[in-house]
Amino acid sequence: MHSVAYRSEKGSRSKENEDAFLAMPSLGFFAVADGVGSGTRSGDAARKTVELLFQELNEYVPSIDGILQAIHRANKEVFEYTTDLPSANTACTLSAIWLNNGHANIFHVGDSRIYKLSNHEIAQVTRDHVKAISHDGLNNKNVLTRAIGSHQEVQVDIQKFRYHPKDSFTLMTDGVSDKVDLNTIESIAADHTCSDTQKVEQLIEAAIQARSTDDKTVILVSPKGPS
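Position 91, counted from 1, in the sequence shown is what our numbering calls 103; the numbers after and before it change by one each time, with no gaps.
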């Protein structure tokens, strides 16, 4: 069974934690979702998406097609929810990984991230679906170009590649990745003197020290087993 450590924490600017996550070590499936939108129910999209993925994986033998269908079903339900209740105005990001028979299968929408640590070097596996726009004519602000529930259809980035048993994967929402630089993420993830749980705690604390006010979620997966 894959070893996993995780933590999710409400940001100081949030009334509730609008992140959601899923960890199913026995199936090798892990996901983070970040509720976005100007409505008061932004976390609903993230929770609904994670719930539908859990139902899919609980009821059927996991497959790429099945997971993808669950993501599209979540997109449809969140989109219809916002259509029926415009004041909700909610959507979410999704970054998920399914480890199966030595292969990593990645499913990604938005700007949450998945990193892979291999031979003490970390690399971002996912690509942020954002664009920079001028904000008040002075500063650039990143705006999502893809999200679960923002449109009637959603395009999901899918990757499949082999991984080494000593590799590890770190999933996180932008409450962490926006504030913690890649070198810091790498130094924490590659520190063999710490347990996976300690690494997750350090990543969250690094974001807090960098004055992140957003919700923060980190999942660290070690396919090799307990650290």
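Heads up, the beta-carbon is just placed ideally off N, CA and C, and yes, glycines get one too.
Considering only C-alpha positions, which residue in the set the options is nearest to residue i?
i	options	result
Ala144	Asp123, Asp169 and Gln171	Asp123
Val16	Glu30, Gly23 and Phe181	Phe181
Phe66	Glu30, Phe173 and Phe42	Phe42
Asn131	Arg125, Tyr175, Val230 and Thr95	Tyr175
Lys178	Met184, Ala202 and Pro37	Ala202
Thr229	His163, Thr105 and Pro37	Thr105
Glu165	Asn87, Ile109, Val121 and Arg59	Asn87
So, are the CB atoms of residue i and residue j less than 8 Å apart?
i	j	result
Leu129	Pro74	no
Asp190	Lys22	no
Ala219	Gly187	yes
Lys211	Leu232	yes
Ser107	Thr157	no
Ala45	Gly161	no
Apart from the five residues just before and just after residue i, which ones in its own chain have a Cβ nearer than 6 Å to its Cβ?
i	result
Gln214	Ile200
Glu198	Ile134
His120	Ser107, Thr138 and Asp169
Is it buried or exposed for residue i, if we count other Cβ within 10 angstroms and need 16 for buried?
i	result
Glu30	buried
Pro235	buried
Ile126	buried
Met184	buried
Would DSSP call residue i helix, strand or coil?
i	result
Glu133	strand
Tyr72	coil
Val230	strand
Gly47	strand
Just to confirm my understanding: we take residue i, look at its own chain, exclude 5 residues before and 5 after, and list those with CB closer than 7 Å. What are they?
i	result
Glu68	Gly78, Ile79 and Ala82
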